[in-house]
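Residue numbers (my numbering), protein chains in the order written: chain A, 12 to 317; chain B, 12 to 317.
Number of protein chains: 2
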Amino acid sequence: MLEVCLLGTGGMMPLPGRFLTACMTRCNGSSLLIDCGEGTQVAIRKKGWSCHDIDVICITHWHGDHVSGLPGLLLSMGNSERTRPVTLIGPKGIADVVNALRIIAPELPFAVEYRELTENKEQIEFPGYTVEAFRVSHNIVCYGYTQRISRAGKFDPEKAKKNAVPMKVWSRLQKGQTVEEDGIVYTQDMILGPQRKGLKLTYCTDTRPIRQIAACAEGADLFICEGMYGEPGSEAKAKDHKHMTFAEAAALAAHANVAELWLTHYSPSLAYPKAFEWVAKELFANSRTCRDGYTKMLEFEKDEEK
Amino acid sequence: MLEVCLLGTGGMMPLPGRFLTACMTRCNGSSLLIDCGEGTQVAIRKKGWSCHDIDVICITHWHGDHVSGLPGLLLSMGNSERTRPVTLIGPKGIADVVNALRIIAPELPFAVEYRELTENKEQIEFPGYTVEAFRVSHNIVCYGYTQRISRAGKFDPEKAKKNAVPMKVWSRLQKGQTVEEDGIVYTQDMILGPQRKGLKLTYCTDTRPIRQIAACAEGADLFICEGMYGEPGSEAKAKDHKHMTFAEAAALAAHANVAELWLTHYSPSLAYPKAFEWVAKELFANSRTCRDGYTKMLEFEKDEEK
């Protein structure tokens with residue numbers, strides 16, 4: 012299971028009643044945050060979630076509205092007595108930018124580890140999930156992110172017996188351990204059926220709708236995508252500012268065969284995004300103009316009954 | 012007249028429903044801001060005031076909760092098409108700290124001018140008012156600020172006649188101009204009565220209640236002072252953390268003979284400051300535990316009727 016909260020939906024500047032766009036996910040006691048603008052820590056508190064368990068922070072790019080809340084968040088994580096290291100992932104220069112911002116957060120009770128992105132696509136493994144970063148197309152270097160949770164096959168007692176796996180090691184193998192008994196090594200694949208469909212969340216903001224995004228979002232359970240402008244006729248403005256319209260985001264979602272699209276990163280001039288939700292729905296039915304704090308639990312598919 | 016808004020009342024970290032402590036004043040089309048934590052620009056927008064006209068920003072000290080919103084505010088001021096320079100006043104190191112934070116706000120359409128404080132007391136003149144900075148006692152270098160508006164004497168036609176000032180230059184002199192006519196120089200003091208009482212606002216947070224604060228706040232029309240802890244018995248905690256209790260702030264207000272005290276900079280653990288307002292009122296009757304956005308227009312005293 013992966014719990015996803017779109018903490019904020021604004022672009023450019025934080026507004027009363029609209030936090031800057033950021034997304035937080037939780038699974039197995041570990042949280043991941045994508046972007047951290049001014050006020051993101053307040054959005055986390057308002058949601059009732061904790062900043063203490065944020066193990067990974069992915070930054071899309073170095074525009075202020077995506078990173079200005081980072082020193083404050085790190086300070087609050089320190090105040091919450093976090094001691095485990097935090098991994099920060101972001102475009103080239105991440106250590107320089109974050110160290111500069113940390114002039115007001117110099118002392119933290121945990122280590123900050125940097126993972127600088129330099130390739131067009133990179134994959135980073137964490138316990139329980141994988142993060143895939145992919146270059147998008149903005150006016151400065153910008154990345155989108157996919158969080159992927161794989162799912163092991165179902166326990167298959169017939170297969171276990173066929174492979175002569177002693178019953179007493181079954182539960183340890185199911186937990187993912189490798190077990191040696193009487194000189195024989197037993198592994199999880201000896202008792203499990205074929206790998207099942209996992210979960211996939213793809214997130215991107217601050218980009219034109221390039222083909223690679225659809226490829227990276229292919230088949231996602233949830234695609235969170237910027238829609239800076241909603242009203243029909245705003246394509247030229249979106250192109251000028253290297254952003255997307257609702258229609259462009261919805262076309263990407265359709266092309267990528269995702270299950271659901273959440274629109275976010277609204278221009279401050281877009282007071283009622285819902286008024287233009289129909290524009291997206293015409294191109295991709297399962298589109299939604301989100302409000303701050305919108306949350307969903309992504310769940311694994313139910314196994315078919317025999 | 013001086014319009015004063017206490018934009019936020021929180022200390023340490025921004026909370027849902029409680030912005031970080033900051034104060035904004037407006038007079039004659041020019042605004043002054045004291046401190047700029049994460050979210051201060053949102054508080055300004057929520058109040059309906061504009062960041063465009065902020066000519067002076069005073070920073071008390073370099074703890075994150077007092078300065079983390081600065082890059083975002085500067086970006087928003089840039090987006091509001093401000094081109095006039097902004098003066099930033101703060102403790103030693105101001106240029107280094109702000110330039111570091113500006114890694115995410117490198118390009119602004121206005122100049123940022125720094126005024127670094129190095130003395131225990133400094134006075135800086137701006138058109139229409141004076142800023143007095145004074146050292147307070149925190150665990151890092153920290154300053155309080157007084158904004159003072161002086162008020163010229165009342166126009167005195169008898170005095171003007173006595174000084175043989177031609178009637179045709181009266182209005183220009185009243186506007187503060189110096190006028191030369193037929194080789195004679197006329198100045199404002201030749202037509203005005205004695206200087207009248209002006210306006211004085213004194214602001215300090217993040218300090219122990221040292222004597223110098225009372226001296227600097229002496230006779231202020233409004234004294235905005237931190238009260239990190241409200242409940243009786245919190246003196247030791249306040250001393251440890253180099254902050255003040257409501258009682259300590261109220262005692263300072265009484266000692267300084269101010270007209271009114273606003274308490275602010277509440278600990279996140281202090282959910283209902285109003286519940287302890289009585290503690291301050293016992294020592295200084297005109298005390299108030301403020302909420303975010305509390306505003307007052309300080310007005311000049313009415314002239315006595317003849």
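Beta carbons: idealized from backbone N, C-alpha and C, even for Gly. As the structure is a prediction and not an experimental result, all values here were calculated from the model.
Next item on the list: Would you list the residues sitting across from S298/B in a DSSP beta bridge?
Entry: BP columns for S298/B point to L272/B.
Margin query: Tell me the rounded alpha-carbon separation between A225/B and V108/A.
Written below: Cα to Cα, the separation comes out at about 41 Å.
Check: What is the rounded straight-line gap between the Cα of Y283/B and the Cα of A296/B?
Finding: C-alpha separation (whole angstroms): 19 Å.
Next item on the list: Given a cut-off of 8 Å, decide if V269/B and Q231/B are closer than it, judged by their beta-carbon atoms.
Entry: Reading off the sequence, residue 231/B comes out as Ala, not Gln. In this structure, V269/B lies closer than 8 Å to A231/B by Cβ.
Note to self: Can you confirm whether M24/B, when its beta carbon is compared against all beta carbons of chain A, has any partner nearer than 8 Å?
What the structure shows: Yes, its Cβ sits closer than 8 Å to a Cβ of chain A.
Note to self: Could you check whether the Cβ of P177/B sits closer than 8 Å to any Cβ belonging to chain A?
What the structure shows: Not one chain A Cβ lies under 8 Å of P177/B.
Check: Around the C-beta of E196/B, are 16 or more other C-beta atoms found within 10 angstroms, so that it is buried, or is it exposed?
Finding: It should be pointed out that residue 196/B corresponds to Val in this sequence rather than to Glu. Label assigned to V196/B: exposed.
Margin query: So, at 7 Å on beta carbons, what are the nonlocal neighbours of E192/B in its own chain, with the 5 sequence-adjacent residues on each side left out?
Written below: Only P177, V180 meet the Cβ criterion.
Check: Looking at the structure shown, is A318/A part of a helix, part of a strand, or coil, going by DSSP?
Finding: Outside the shown range of chain A, which is 12 to 317, sits residue 318/A, and nothing can be said about it.
Check: Under a three-way DSSP split, which group does R219/A fall into?
Finding: In the structure shown, R219/A adopts coil according to DSSP, grouped into three states.
Notebook entry, point to check: Straight-line CA distance for H72/A to V78/A?
Noted result: If I take the Cα positions, the gap works out to 8 Å.
Notebook entry, point to check: Applying a beta-carbon distance threshold of less than 7 Å, which residues of chain A neighbour G155/B?
Noted result: Neighbours of G155/B on chain A: none; closest Cβ ~20 Å, over 7 Å.
Checklist line | Continuous alpha helix (DSSP H) assignments of at least 4 residues falling wholly in the segment 75-117 of chain B | finding: List check, alpha helix (DSSP H) in window: 75-78, 81-90, 105-112.
Item checked: Opening and closing residue of the beta strand (DSSP E) in which Q134/A lies -> Residues 132-137.
Margin query: Tell me which residue opens and which closes the beta strand (DSSP E) that Q185/A is part of.
Written below: For Q185/A, no beta strand (DSSP E) encloses it; the enclosing alpha helix (DSSP H) starts and ends at 181-185.
Item checked: R93/A versus I100/A - alpha carbon distance -> If you take the alpha carbons of R93/A and I100/A, they lie about 19 Å apart.
Note to self: Could you check whether R29/A and G19/A sit closer than 8 Å to each other, using their CB atoms as the reference points?
What the structure shows: Yes, Cβ-Cβ distance for G19/A and R29/A is below 8 Å.
Check: If you count every other CB in all the chains shown that lies within 10 Å of the CB of G50/A, and 16 or more means buried, which is it?
Finding: The residue in question, G50/A, is buried, as its Cβ has 16 or more Cβ neighbours within 10 Å.
Notebook entry, point to check: Which value, in whole angstroms, describes the spacing of the CA atoms of Q223/B and N90/B?
Noted result: Rounded to the nearest angstrom, the two C-alpha atoms are 40 Å apart.
Notebook entry, point to check: When you check each C-beta in the segment 28-51 of chain B against every C-beta of chain A, which residues fall closer than 7 Å?
Noted result: Correct list: E49, G50.
Item checked: Own chain partners of G83/A with C-beta closer than 6 Å, once the 5 adjacent residues on each side are dropped -> If we look at G83/A and ignore the five residues flanking it on each side, its Cβ neighbours are Q52.
Note to self: Residues in the same chain with beta-carbon distance under 7 Å from K140/B, minus the five sequence neighbours each way, listed in chain order, please.
What the structure shows: Residue identity differs from the one stated: residue 140/B is Tyr in this sequence, not Lys. Closer than 7 Å at Cβ, skipping near neighbours: C38, Q158, R159, I160.
Check: With distances taken from CA atoms, which of C153/B, M23/B, P25/B, P279/B is nearest Y214/B?
Finding: Of C153/B, M23/B, P25/B, P279/B, the residue nearest in Cα terms is C153/B.
Next item on the list: Reducing DSSP to helix, strand and coil, say where T32/A ends up.
Entry: Reduced to three states, the DSSP call for T32/A is coil.
Notebook entry, point to check: Is there contact here, the segment 124-131 of chain A with the segment 205-214 of chain A, by at least three beta-carbon pairs under 8 Å?
Noted result: These segments do not touch.
Check: Is any heavy atom in the ligand HEM found nearer than 7 Å to the beta carbon of L184/A?
Finding: With respect to small molecules bound, the structure shown includes none, and the ligand HEM cannot be examined in it.
Check: Does DSSP put T51/A in a helix, a strand or coil?
Finding: Note: T51/A maps to helix in three-state DSSP.
Next item on the list: Out of A258/A, G48/A, I55/A, M24/A, state which residue places its alpha-carbon closest to the alpha-carbon of V15/A.
Entry: Distance from the Cα of V15/A is smallest, within the candidate group A258/A, G48/A, I55/A, M24/A, for I55/A.
Notebook entry, point to check: Got a sec: which bits of the segment 79-107 of chain A sit with their beta carbon under 8 Å from any beta carbon on chain B, in order along the chain?
Noted result: Flagged, chain order: S79, G80, P82, G83, L86, S87, N90, D107.
Check: Tell me, which residues are paired with Q199/B by DSSP?
Finding: In the DSSP secondary-structure assignment, Q199/B is not bridged to any residue.
Item checked: chain A within 8 Å of K248/B, Cβ atoms only -> Closer than 8 Å: no.
Next item on the list: List the whole-angstrom C-beta distance separating D217/A from H266/A, where the pair is believed to meet the contact cut-off of C-beta under 8 Å.
Entry: About 19 Å separates the beta carbons of D217/A and H266/A, which is beyond the 8 Å limit, so they are not a contact pair.
Check: Does any C-beta atom of chain B lie closer than 8 Å to the C-beta of G238/A?
Finding: Closer than 8 Å: no.
Check: Cβ atoms of C227/B and W273/B: under 8 Å apart, would you say?
Finding: In this structure, C227/B does not lie closer than 8 Å to W273/B by Cβ.
Next item on the list: Leaving out five residues on either side along the sequence, give the residues of the same chain with a beta carbon under 8 Å from the beta carbon of W60/A.
Entry: Contacts found: C16, M35, R37, S42.
Item checked: Partner residues on chain A for K57/B, Cβ-Cβ distance less than 8 Å -> Here the neighbours are P27.
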